[in-house]
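**Q**
Numbering (the numbering used here), first residue to last: -14 to 260.
What follows is the structure, given as structure tokens:
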């Protein structure tokens, strides 16, 4: 059994923890959870059949968890603060808050740390598909990559940029473009909503060159992600309509499922398709 540790016991981390606890992730055993908010860790462990150790202090979690791989399911800030320490301590890491990796300095440091310690950094595809096609097309040259994200206004209510441009999410009665620019800026302005733009950027032509459009749309009931790429291979358009996570409307349920599958496929020994 591969011993797994978890950073972040909110809605996303809890879903992943329950999947491991129920045996959905073959050969995985959740041995420790860490959250600065003690009640969240206590609540999660109370719902699990197996009882992983609870930690509210990171260094203690790192020293005593006995994990082989850590899943970050907290925030971009948490990914930046903790990831290098995890790898330097001899553990692989799965980063759900992929937006953190568009910070060039952080990306450079984590790559070097992973190489030095011979450890893996796993990044799930999140709420989008087609990344294999993007990576393949990049070999002969990509000319343009555009990601359009449509979500209900309430999904953005905690984002700094939304608060500065819209009085209240309930005031919108028609679609409104909140942002159009590069992925590097998008992940800073909407840190909890657009991690998929980072995954797409890493697979393709980088955060500076990936165009992101973010639309608050009160007329929809799902999270919609549209990918459009153009290159020497031709053109590709993909649209995904994702149900939101039951406990977190900011996140598409597929994003959580992709993390479960990334973890499962990397520790189960099964044949990996399209990786």
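Quick reminder that beta carbons are idealized off the backbone N, C-alpha and C, glycines included. Computed from a predicted model, the values in this text were never measured in an experiment.
Consult DSSP for residue 241 and reduce its assignment to one of helix, strand or coil.
**A** It is helical.
**Q** Would you tell me roughly how many angstroms separate the C-alpha atoms of residue 232 and residue 206, rounded to the nearest one?
**A** Computed Cα separation, rounded: 15 angstroms.
**Q** Closest by CA to residue -1, which one among 11, -12, 12, 20?
**A** Measuring from the Cα of residue -1, the nearest candidate turns out to be 20.
**Q** Between the alpha carbons of residue 25 and residue 2, how many angstroms are there, rounded?
**A** Rounded to whole angstroms, residue 25 to residue 2 spans 13 angstroms at the Cα level.
**Q** For residue 80 versus residue 86, is the C-beta spacing smaller than 8 angstroms?
**A** Closer than 8 angstroms, so yes.
**Q** Where residue 203 and residue 162 are concerned, what is the direct C-alpha to C-alpha distance, given to the nearest angstrom?
**A** So the two alpha carbons sit approximately 12 angstroms from each other.
**Q** I want to know whether the segment 187 to 196 touches the segment 122 to 136 - three or more CB-CB distances under 8 angstroms.
**A** Short answer: they touch.
**Q** Helix, strand or coil, according to DSSP, for residue 201 in the structure here?
**A** Correct three-state label for residue 201: strand.
**Q** With a Cβ-Cβ cutoff of 8 angstroms, do residue 123 and residue 75 count as a contact?
**A** No, these two residues do not count as a Cβ contact at 8 angstroms.
**Q** If you measure between the beta carbons of residue 50 and residue -10, is that distance less than 8 angstroms?
**A** For residue 50 and residue -10, yes; Cβs fall inside 8 angstroms.
**Q** For residue 260, is the classification buried or exposed, using 16 other Cβ atoms within 10 angstroms of its Cβ as the cut-off for buried?
**A** The predicted position of residue 260 is uncertain, since its pLDDT is 46 and thus under 50; a value taken from the coordinates is nonetheless stated next. The residue is exposed, with fewer than 16 neighbouring Cβ atoms inside 10 Å.
**Q** With DSSP as the reference, label residue 44 as helix, strand or coil.
**A** Here residue 44 sits in helix by DSSP.
**Q** Report yes if the CB atom of residue 151 is closer than 8 angstroms to the CB atom of residue 54, and no otherwise.
**A** No, Cβ-Cβ distance for residue 151 and residue 54 is not below 8 angstroms.
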